[in-house]
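Colleague: Last residue of the sequence shown: number 139 in the working numbering, and the count goes up by one each step with no gaps. Note that the Cβ used here is the ideal one computed from N, Cα and C, for glycine as well.
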Amino acid sequence: MQFAKIQNGFLVRCDIGDEVVSVLTRFAYEKDIGSGTVTGIGALKNPVLGYFDLPRKEYLRKEFEGNFELLSLAGNFAVIDSDIILHCHAAISDADFRVFGGHLFRGEIAVTGEFYIYPGEIAIRRGPDDNTGLNLIKL
């Protein structure tokens, strides 16, 4: 992983083998980013996506085997207790140009990953929501 400071944030490049969610979360810890947004593109190997099943209050997970284009990653950083959390969604495509999307649980960089991170002004907190069972942003 390499990064450059840019106006209002950072440009982060992840390299082959980097696991996206853990690398970006570690970067947020190193730079003390308790809130902010992240966007990105690249290529992923064996990504795991999720769909939240509201009646069951749980994520259905699917691992996609092989290499995929990372068409778009969009997410945000927030804090639960003292842990920085990256909540992100991804759209991926396969060699047949089929597109899949959902909550990104994990994905290894297959070629490169290029991400813009824009820190927020204050730490944003997440906490349990009784209706969904998820840790939602507390405003």
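Taking 8 Å as the threshold, find out whether the segment 110-120 comes into contact with the segment 1-21 through three or more Cβ pairs.
Modeller: yes
Colleague: Could you pull the start and end residues of the beta strand (DSSP E) that Arg-125 belongs to?
Modeller: Per DSSP, Arg-125 belongs to the beta strand (DSSP E) from 125-128.
Colleague: Short check: CB of His-89 to CB of Leu-73, under 9 Å?
Modeller: Yes. Within cutoff.
Colleague: Relative to the C-alpha of Ile-84, which candidate in Leu-71, Phe-100, Lys-57, Tyr-29 has its C-alpha closest?
Modeller: Tyr-29
Colleague: Under 6 Å Cβ to Cβ from His-103, same chain only, skipping five residues before and after it: list those, please.
Modeller: Gly-50, His-89
Colleague: Taking 9 Å as the cut-off, decide whether the C-beta atoms of Gly-107 and Leu-71 are in contact.
Modeller: no
Colleague: Can you grab the Cα-Cα spacing for the pair Val-38 / Pro-119, in whole Å?
Modeller: 9 Å
Colleague: Just the Cα atoms here: how many angstroms apart are Arg-125 and Gly-75?
Modeller: 15 Å
Colleague: Grab me the residues of Ala-123's own chain with a C-beta within less than 8 Å of its C-beta, minus the 5 sequence neighbours each way, in chain order.
Modeller: Gly-34, Ser-35, Ala-78, Val-79
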